[in-house]
Amino acid sequence: MLLRMNQAVALGIRDEMRADPSVVVWGEDVAEAGGVFKATVGLHEEFGDRVRDTPISEMGFLGAAVGAAATGLRPVVEIMFIEFLGVALDQLVTEAALFRYLSGGEISVPLVVRGSAGAGGGFGAQHSQTLERWMVGSPGLKLAVPSSSRTAYGLIRSAIRDDDPVVVLEPRALYGEREDIEPSDADIVPLGKAELVAEGSDVTLIGLGSTVATARAAAESADWSADVIDLLTLQPWDREAVFASVSKTGRLVIVEENPRAGGWGADIAAAVAEELFDDLVAPIVRVTTPDVPVPFAPELEEKFLPRAEEVVAQVNGLVDDKRSIGPWWERETVTV
Amino acid sequence: MLLRMNQAVALGIRDEMRADPSVVVWGEDVAEAGGVFKATVGLHEEFGDRVRDTPISEMGFLGAAVGAAATGLRPVVEIMFIEFLGVALDQLVTEAALFRYLSGGEISVPLVVRGSAGAGGGFGAQHSQTLERWMVGSPGLKLAVPSSSRTAYGLIRSAIRDDDPVVVLEPRALYGEREDIEPSDADIVPLGKAELVAEGSDVTLIGLGSTVATARAAAESADWSADVIDLLTLQPWDREAVFASVSKTGRLVIVEENPRAGGWGADIAAAVAEELFDDLVAPIVRVTTPDVPVPFAPELEEKFLPRAEEVVAQVNGLVDDKRSIGPWWERETVTV
Amino acid sequence: MSELALSRRKALDDRVGQLRRMIEIRRTEENIQAMFAAGLVKGSTHTCQGQEAVSVALASVLRPDDVVTCTYRGHGHALALGLTPVEVMGEVLGRSSGSIGGVGGSMHLSNPSVGLLPTFAIVGAGIPVAVGAAIGRRSTGNDAIAVAAFGDGATNIGAFHEALNLAQVWKVPVVFLCENNLYGEYSRIDRTTPFEDLYRRAAAYDMPARAVDGQDVDSLAEELSREVDAARSTSSPRFVEVKTYRFVGHSRSDTAPYRRPGELDEWLKRDPIEILSNRLIAEGVLDAEQVKALDAEVTREVELAVDEVKASPPPPLSAMFANVTAEAGV
Amino acid sequence: MSELALSRRKALDDRVGQLRRMIEIRRTEENIQAMFAAGLVKGSTHTCQGQEAVSVALASVLRPDDVVTCTYRGHGHALALGLTPVEVMGEVLGRSSGSIGGVGGSMHLSNPSVGLLPTFAIVGAGIPVAVGAAIGRRSTGNDAIAVAAFGDGATNIGAFHEALNLAQVWKVPVVFLCENNLYGEYSRIDRTTPFEDLYRRAAAYDMPARAVDGQDVDSLAEELSREVDAARSTSSPRFVEVKTYRFVGHSRSDTAPYRRPGELDEWLKRDPIEILSNRLIAEGVLDAEQVKALDAEVTREVELAVDEVKASPPPPLSAMFANVTAEAGV
Ligand SMILES: Cc1ncc(C[n+]2csc(CCOP(=O)(O)OP(=O)(O)O)c2C)c(N)n1
Ligand SMILES: Cc1ncc(C[n+]2csc(CCOP(=O)(O)OP(=O)(O)O)c2C)c(N)n1
Ligand SMILES: [Mg+2]
Ligand SMILES: [Mg+2]
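Chains as they are written, first to last, in numbering that gives the first Met the number 0: chain L, 0 to 335; chain F, 0 to 335; chain X, 0 to 329; chain P, 0 to 329.
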């Protein structure tokens, strides 16, 4: 069936709720309204009080979810826009992530936090970031990012089954994208495993969430050939898949929807540069957004985001001259 | 005079308060008690109500500081342990950092957030992290980390003078360290500038805060010679200083007090690997903590932190074999 | 821009000016919704039809140096405080004519020259900021106050609690203005909050508090004036709950199917524009024809503003890099 | 370990057992302070002398499957709920004999088998967690409740507000237990909070609330029992403010110079251990000699525990890598 990504999320949650009565869903307007982004539609009808609307109290209901997870439930909490974690981060990274450690392994916190993330929707500077960096580097926490209906379905199911707190960042721009799938248990996407979504030999392109399509589009439009990796899980990321590909291609371009500073690709670039030093025939390039707030005006927002043409330009530089040409905002003269 | 780092902080704030009546200091027990870490001692006595104790309400008083900064004051807010930002991050990164942009440049937020950070003091998993990654990648925000009494004095003064929100992460382990200085205006340390604290030719070591001493100790104990860079400001970091040194030495080891995942060194490693690809004669190595919570037991906490011996071992690998030997927890067999 | 804003503010000194402004807010919001429906507005918009009296009454009793923090549902406040329909709609469309040049969007309007801090897209975030703004203003020896305007739903978030406590303990002249429109997004207040009379929450901070009608701009302005004066003269906080209602959905194309049956109709009987129009007619200040003419005139003005905005260019690429830090230039 | 904890819990069923436990808590805390002073404890410790009755009364009225969240000032609660002095002091010293093997320290004790979730080092963080824990327990058809224990200072933080609201709206059986010891760190309550009778804050959530004496374990147990039963049977939250006092500084070597003159002396007259000892003597349950002997015995036991802890090894290196995620092994 043709499924939009938000429908795929709802379906994944539904299937886990059918399989396991301990799964509950909490968040602002997730029950009666089925979520602001319609990613929980139908759940309240089917599961009644297991799906609950909360007051506007992210710290309160996320904290409650931590407590519930520690005592037998598997709460799936929606943080409508991931920025809202800014009022509740403590419960996720300082409490949930550390409970197993701080209970000497006696307590698991099988909590899922779903948050919509990213730009492209015209939601402005406070509702358009991806903010992986708030979660990455929190020992005890896992972080996954779907790139399609299929992977959204598969990852949310894995996340719910996982015995540790897992954050799923759903690229908001993809909620409306359709994919023809018949999701079933066979489509569960394991955490920690990347997927090779295109094969080639000249360069490895890594995408995550919204940038997987960007990387694919770049690969399809160019005359070099690329391995395109959909990373899917950022914490822990799939070193094996990345290293295998880059040792083959010798070139790596990481396509990230986040500012360059603190962006998720830096960890991977650093690890590859360290471990595959001798295999690299050209510098690793990160295609990111500039280090500025997400602009609202549609023309600027589009330019702000990583684009396939930019990926192509960067790979061309690596293939032709073995050098990095620098990001577009350094190449073009932008007078402020 | 022999000044402990906490005294240097207080002196730096005092000098700015004397120079500028708009500087105020708010935080939990910063006034009458002079701060839990005694970094505001004497200020309440000299400046009265400009130094205020707050309720335990990080979101409330940090938010109030944002409003005060937007309307003419220069608040210096103490976040006792930087983890406490987990209950207030929104005000720093989503409000303060974006106010200039979201006011079309009409509003400045000259806010300073001081937070004690890091391990080594036996404060356990929820009071020992450095958490630079919560701030890095927030456009609009600056982030500095002193490594000594002199730099603490100099950076806090720059931070207070700066017209944007600046976070100063004070390594808690250094509060008690003494340095013989006579601080004056000449000691103001500019934001965005690193310092070369030792010169050499075989390798560049970068430290930040607590790890500057680690890097120095390593350089002093080895038979290779190193440029040791005290980064001082992490956002924006001093590309010029780093690139100049690494293009000279051809080798780089970054010493970070944070987990490898999401650690601050990754950005620098990625940038150097990209821009100085041809200059590097060996892989860039990051010496970090393992990706685990900060353990309490003193024996474990000591082992957890980056140590000079580990830096030496890593550089030896680079100098001798042009290869990375991997972090200690992969070399030693740790059975769990 | 600040001249114009100040003169627009001054126009609220008389009641015809207040009526005019309420109509302007209504028409501006209607046009924004229409442009949203036509696909001209990206992202989201939160309009405030039905709550116009709150914005106008508030702006009419504040001084330009008083500071206001408000929310994404801030177009009405912005227009009342002095921004023009072009500045508001320009921002909503992402054009350079917008209040901050189009880089902010519907949720981010700003004009410090009339006391409007950048509007807040995070629920509750503006509440502690208002506390600090009052302190900031006072620090210059000025007796300005600050107002934090927020919704009923925001009273459930931590920042609300911390801000009220801090303001009371520090005796800060802030008016906490809760616009209780009975809904937070799609949830009615009774499903998220133990009771509807939110002014009662101020007792947890020993703060003087009252509930007032939000549909009659005359009585509201009187009440707000009293509270603002009290905050100013005693240098201490007050809490005012304004009973009001939004006549439209929460945002975007929300049709508000979650309303209680009949509730909207009841509230529509208390349309603030009608209440003031009828009273001005009853008092002989205007006649029915004049009210009609005024409406037509304002409607036309707003339509012209729509044309102007549509014709105005998007921001230049350089706007993406400006105003990030002091060093990033302007 | 869970057997032992349960039998220690059972020992609170009689009042001599309660006296014994209060003495044990007092001596354990004294030893911790002494070891801190001697440089044997790294970091910080927050001891609870003066508040022992709260821990013991609470543990005596809870079932082992009820859940408790408490704070860094949690040694007393942990001992009352069933942890041993060795487990507490072992953790404080970072030894493998500690409650979580020494990787947590003074602020992080845990034993889910008697309902103790990992104690919270972040002010307020445990309050919403307790709300969820009650929901979690209830989801299995069990009629357990949860208790959130926290200080006076914590009532000023957002998590407190959000948790109480949520518990009331969702009708969750939680007892919010505010140990009002008049100080948050070095600040007296009157400097951070508009009034001292914190039970009044519950009215902001329409929550039943009362203030009770925290020094007399008998009356306190009676009051808490009533509240716990009410929460359990009505499946709804209650707020209890316990008036108490810490006889020692906030943490580490704090000598509490900030106290009001005479305040400590007044409170020392209401030492919970003395109150119960005297009553048991007056009632003829024990005589003065027996109380002395009990004290000596417990003191000796705790000293032996100190020896045991000092002799116990630090955690192995592998403990640093264990229990990070489910995959990281145990
Ligand atoms: C911290 C946070 N949580 C959730 C949201 C999403 N959100 C935007 S508006 C809104 C409802 C707010 O209701 P209320 O405070 O009553 O204001 P109103 O919209 O009625 O004016 C919500 C939940 C947000 N912006 N910020
Ligand atoms: C969010 C946060 N802010 C500040 C602190 C530092 N801190 C630790 S204990 C404490 C005082 C708490 O006072 P109270 O709630 O009365 O509890 P008590 O210590 O008296 O038991 C403070 C401010 C913290 N741990 N967490
Ligand atoms: Mg509302
Ligand atoms: Mg207290």
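Cβ coordinates follow ideal geometry from the N, Cα and C atoms, glycine included.
- Annotation for N322 of chain X indicates a beta carbon at 7 angstroms or more from all heavy atoms of ligand 3.
- Closer than 7 angstroms to some heavy atom of ligand 1: that describes the Cβ of N180 of chain X.
- When DSSP states are grouped into helix, strand and coil, D229 of chain L belongs to the strand group.
- According to the DSSP assignment, G93 of chain X belongs to no alpha helix (DSSP H), since it is labelled neither H nor E.
- Segment contact: the region 6 to 14 of chain L against the region 174 to 192 of chain L, three or more CB-CB distances shorter than 8 angstroms; contact assigned.
- Looking only at F:G26, F:R285, F:W327, the smallest Cα-Cα distance to K302 of chain F is reached by F:W327.
- In this structure, the CA atom of E181 of chain L is about 6 angstroms from the CA atom of M0 of chain L.
- Per DSSP, the continuous alpha helix (DSSP H) segment holding T150 of chain F begins and ends at 148 to 160.
- Under DSSP, Q234 of chain L shares a beta bridge with L:L142.
- At a cut-off of 8 angstroms, the C-beta of V239 of chain X has no neighbouring C-beta in chain P.
- Excluding sequence positions up to five before and after L176 of chain P, its CB lies within less than 6 angstroms of the CB of V146, A148, V239, all in the same chain and listed in chain order.
- When Cβ-Cβ separations below 8 angstroms define contact, H107 of chain P makes contact with chain L.
- Residues of the region 111 to 128 of chain X that bring their beta carbon within less than 7 angstroms of a beta carbon in chain L comprise A120, I121, V122, in sequence order.
- Of all residues in the region 173 to 186 of chain P, the ones placed with a Cβ closer than 7 angstroms to any Cβ belonging to chain F are G183, E184, Y185, S186, in chain order.
- Within the DSSP bridge table, the entry for A4 of chain X names no partner.
- The C-beta of H43 of chain L comes no closer than 8 angstroms to any C-beta of chain X.
- Contacts with chain L at 8 angstroms (Cβ-Cβ) do not include V87 of chain P.
- Taking the Cα of R299 of chain P as reference, the smallest distance to any Cα among P:L5, P:R7, P:R25, P:A166 is reached at P:R25.
- Counting every other CB atom within 10 Å of its CB across the protein chains shown gives G123 of chain F a total of 16 or more, marking it as buried.
- Counting the other Cβ atoms within 10 Å of the Cβ of K170 of chain P gives fewer than 16, which makes it exposed.
- The region 13 to 29 of chain L and the region 70 to 82 of chain L touch, with no fewer than 3 CB-CB distances between them shorter than 8 angstroms.
- Closest in C-alpha terms to E219 of chain L, from the list L:V202, L:L299, L:Q234, comes L:V202.
- Spanning the alpha carbons of G33 of chain L and R14 of chain X requires a straight line of approximately 44 angstroms.
- Residue contact with chain L for G262 of chain F: present (Cβ-Cβ distance below 8 angstroms to some residue of chain L).
- The beta-carbon of Y198 of chain X is placed no less than 8 angstroms from the nearest beta-carbon of chain L.
- Across the structure, V284 of chain X and R19 of chain X are spaced so that their CA atoms are roughly 14 angstroms apart.
- Of the candidates P:L275, P:A310, P:K309, the residue whose Cα lies closest to the Cα of L293 of chain P is P:L275.
- DSSP places V111 of chain F in the strand class (E or B) of the three-state scheme.
- The beta carbon of R209 of chain X sits no closer than 8 angstroms to any beta carbon of chain F.
- Contact annotation: the region 123 to 132 of chain X does not touch the region 91 to 98 of chain L, with fewer than three C-beta pairs closer than 8 angstroms.
- The closest heavy atom of ligand 1 lies 7 angstroms or more from the beta carbon of V76 of chain L.
- By the C-beta density criterion, L267 of chain X is exposed, having fewer than 16 other C-beta atoms within 10 angstroms.
- Measuring C-alpha to C-alpha distances from E28 of chain P to each of P:V305, P:V173, P:E326 identifies P:V305 as the nearest.
- Counted as a single uninterrupted DSSP element, the beta strand (DSSP E) harbouring K242 of chain P occupies residues 237 to 242.
- Judged by their CB atoms, I31 of chain X and V122 of chain X are not nearer to each other than the 8 angstroms cut-off.
- The C-beta of Y204 of chain X comes closer than 8 angstroms to at least one C-beta of chain P.
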